[in-house]
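Read through the structure below, which is laid out as structure tokens, and then see the notes.
Numbering (the working numbering), first residue to last: -9 to 112.
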């Protein structure tokens, strides 16, 4: 019996293919959540229908970089590149969440609270 996946836009390719959730799939989803918070749009916002998003994910497609004021809200080049690391197709190639956190702290000069403030503000 197939299980319906809710919130496909945040799901990693392996979860879409029916594999169980894991720490690596959580890193993928965390990256998508960061993208949403910093851009104000859902992942794959350029694709209207979830079925088309599913097809894009299955083919290895990633969200486009937002062309909004997201850069002013913290989506710098460094953060974008970190998010791209979170979205590696091969789960073992994704950084552990501790590495993501340390990278965000480095990017923001040791101040991780800026991201928490963004989360609360939205």
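Glycine included, each C-beta is placed from N, C-alpha and C at the ideal position.
Please read all numbers here as calculations on a predicted model, not as lab measurements.
Closest option to residue 45, judged by alpha-carbon separation, among 2, 64, 71: 2. The Cβ atoms of residue 97 and residue 68 sit closer than 8 Å to each other.
Cβ-Cβ separation between residue 25 and residue 71: approximately 13 Å, too far for a contact (criterion under 8 Å).
In this model, residue 56 and residue 31 are separated by some 8 Å (Cα to Cα). Its chain contains -1, 43, 46, 53 as the residues whose beta carbon lies nearer than 7 Å to that of residue 34, once the 5 sequence neighbours on both sides are disregarded; these appear in chain order.
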